[in-house]
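> Heads up: the sequence shown at position 130 corresponds to 138 in my numbering, and the numbers run straight through without jumps.
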Amino acid sequence: MNQKNGKNSLGIDICFEDLDNPIELFKKWFSKAEETEINDPNAVAVATSNKNNQPNVRMVLLKGLSDKGFVFYTNFNSRKGNELKDNQKASMCFHWKSLRRQVRVIGKVEEVSENEADDYFNSRPYKNRIGAWASSQSEILDQRETFLNRIKDFEKKYPDQQNVPRPPHWSGWRLLPEEIEFWLDGEGRIHERLNYKKNNYKWERELLYP
Ligand SMILES: Cc1cc2nc3c(=O)[nH]c(=O)nc-3n(C[C@H](O)[C@H](O)[C@H](O)COP(=O)(O)O)c2cc1C
């Protein structure tokens, strides 16, 4: 699998590079997406499933990335939050239209540390921090007015913009990857797929038919 004579032995496009660590490859693809996407290159679909094995998917924003995994923040009492508490298995899918590329991640989630969540929460604009208190995410809202009033109430409760505590139900999930698949568009649907799988804490690579 090493590069020999400057040629990748898997015979795949140079865009896949020749890296043992898929997180490194993800970072390269992601920084390219940051240059080319019109907005939100960090937008990613997250799939969860409930106790009846019913899959469920929605978009979130990737807000942290390390060798450990992919972090997003949300209300832990939301639908996704409750599903992830019941079943930590989850999957993410990035699609960068401008690059015609897709990355899929499969694994299990863990909760980020209190410090990590606090740091990110405190970096958010005031309105977003108040919103985290005011929104009972995914619960039924009788009318919009109720939500707007709750926002006003929390603005009164936390008038100091420098000092809004993080709600106990608001934090981050980190998806710990067990597989990361890179997909590259090819002419005539002759696409290319490179899949990384973790085996005994080591990443292994394989090509997949498109
Ligand atoms: C581009 C985009 C980014 C989003 N980012 C987040 C996010 O980071 N966290 C979040 O809780 N919801 C985010 N949302 C809203 C979710 O898609 C979803 O509506 C909400 O989290 C409730 O989902 P649930 O009922 O499955 O828990 C985003 C929506 C879009 C379209």
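Ideal placement from N, C-alpha and C gives every residue a C-beta, glycine not left out.
Owing to the predicted nature of the structure, the values given are computational and were not obtained by experimental measurement.
Can you give the Cα-Cα distance for R201 and T154, rounded to whole angstroms?
So the two alpha carbons sit approximately 48 Å from each other.
> At the level of alpha carbons, what is the spacing between P30 and S99?
16 Å
> Say whether the region 156-167 touches the region 80-87, bearing in mind that this needs 3 or more beta-carbon pairs closer than 8 Å, one atom from each stretch.
The region 80-87 and the region 156-167 do not touch, with fewer than three beta-carbon pairs separated by less than 8 Å.
> Which residues does DSSP list as the beta-bridge partners of I114?
S99, E187
> From the DSSP output, read off the bridge partner residues of A55.
V65, S99
> With hydrogens ignored, establish whether the beta-carbon of Q145 is closer than 7 Å to any heavy atom of ligand 1.
yes
> The alpha helix (DSSP H) spanning R158 covers which residue range?
152-165
> For D127 and S17, what's the separation of their Cα atoms in angstroms?
43 Å
> Between which residues of its own chain and K205 is the CB-CB distance below 6 Å, once the five residues before and five after are set aside?
Setting aside the 5 residues that flank it on each side, K205 is surrounded in the same chain by E187, E212, each with a C-beta closer than 6 Å to its C-beta; the list follows chain order.
> Give a single yes or no on whether L183 has its beta carbon closer than 7 Å to a heavy atom of ligand 1.
no
> Across the region 61-71 and the region 161-171, are there enough close Cβ pairs to call them in contact, namely three or more that are closer than 8 Å?
no
> Looking at the strands, I want to know which residues DSSP matches up with K205.
E187, E212
> In this structure, what does DSSP give as the bridge partners for N83?
W178
> Pull the bridge partners of R109 from the DSSP assignment, please.
W104, L192
> Using the DSSP secondary-structure output, state which residues sit across from F78 in a beta bridge.
Looking at the DSSP output, F78 bridges to L73, L183.
> From E147 to E42, what distance separates their C-alpha atoms?
Between the C-alpha atoms of E147 and E42 there is a straight-line separation of about 33 Å.
> So who's on the other strand from E32, going by DSSP bridges?
E32 pairs with nothing; no bridge assigned.
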